[in-house]
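In my numbering, the protein residues as written are 34 to 270.
Given below as structure tokens:
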């Protein structure tokens, strides 16, 4: 049975549904925003169920029922894992490892697919915890790099494929951690919408990313892909 037995929504499923609705409201109408599976017909394997799966309506689905979609990897534009809360240690590592493996498998066929981890409640987690886990689990493999993590309402981690021009660091794959008061969740969604929106202009960006002088003024820590240290940014004097 591909769909499984029907059941009442859990708290986690309710939160997934809310986030899917918000993303769907803002995404270009060419996309389907649902949950589902990425299938690999050549091996007979699949991704396991993805909390949020964004696919283009220009591509066919293998199966579709309501918000549940089954697609092949070239059809996946973005995937998101949704968590109510995570604890540091195995709980965090398991979530990031699962998402890293899912996106790496998709990117073997479709390198442009975006991956994000959306955590509603930060609990006791810090951006350093997230950066450390991202760095360790990705190793030196860019296919495993998760593009964005929202940690509660105030903390955001964002991956830069070739560094950021204002960081003063080498032009290399890197994650930046940010302290964004009450804006981490909106900025996560904005980064996702930007990725799947062709022709996202500078004027459009000003509406979607409202922090004056960009969020880079609020960066706190960084982690380079392939290294083993999380380091703080120098604070402006």
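Glycine included, C-beta positions come from ideal geometry on N, C-alpha and C.
These numbers come from a predicted model, not from an experiment.
Whole-angstrom distance between residue j and residue i, CA atom to CA atom
i, j, result
"residue 262", "residue 256", "6 Å"
"residue 94", "residue 235", "33 Å"
"residue 279", "residue 119", "It is not possible to answer for residue 279, since the shown part of the chain is limited to 34 through 270."
"residue 215", "residue 77", "43 Å"
"residue 47", "residue 186", "18 Å"
"residue 264", "residue 99", "44 Å"
"residue 213", "residue 75", "43 Å"
"residue 87", "residue 175", "21 Å"
"residue 114", "residue 53", "11 Å"
"residue 56", "residue 129", "21 Å"
"residue 35", "residue 69", "Note that residue 35 scores 38 on pLDDT, short of 50, meaning its location in the model is unreliable; the coordinates nonetheless yield the value given after this. When rounded, the distance between both Cα atoms is 10 Å."
"residue 144", "residue 79", "17 Å"
Rounded distance between the beta-carbons of residue j and residue i, thought under 8 Å
i, j, result
"residue 146", "residue 110", "6 Å"
"residue 158", "residue 206", "In fact, because the Cβ distance is near 23 Å, the residues do not count as touching under 8 Å."
"residue 67", "residue 102", "5 Å"
"residue 90", "residue 64", "7 Å"
Beta bridge counterpart(s) of residue i as assigned by DSSP
i, result
"residue 241", "Paired residue(s): none; residue 241 is not in a bridge."
"residue 162", "Answer is none; residue 162 lacks a bridge partner."
"residue 252", "211"
"residue 183", "151, 189"
"residue 78", "73"
"residue 221", "DSSP lists no partner for residue 221."
DSSP-derived helix/strand/coil call for residue i
i, result
"residue 152", "strand"
"residue 59", "helix"
"residue 49", "helix"
"residue 70", "strand"
"residue 97", "strand"
"residue 216", "coil"
Test item: CB-CB of residue i and residue j under 7 Å
i, j, result
"residue 189", "residue 211", "yes"
"residue 164", "residue 254", "yes"
"residue 209", "residue 252", "yes"
"residue 83", "residue 112", "yes"
"residue 177", "residue 238", "no"
"residue 241", "residue 230", "no"
Proximity test, Cβ basis, 7 Å: residue i and chain C
i, result
"residue 140", "Any reference to chain C falls outside this structure, which holds one protein chain only."
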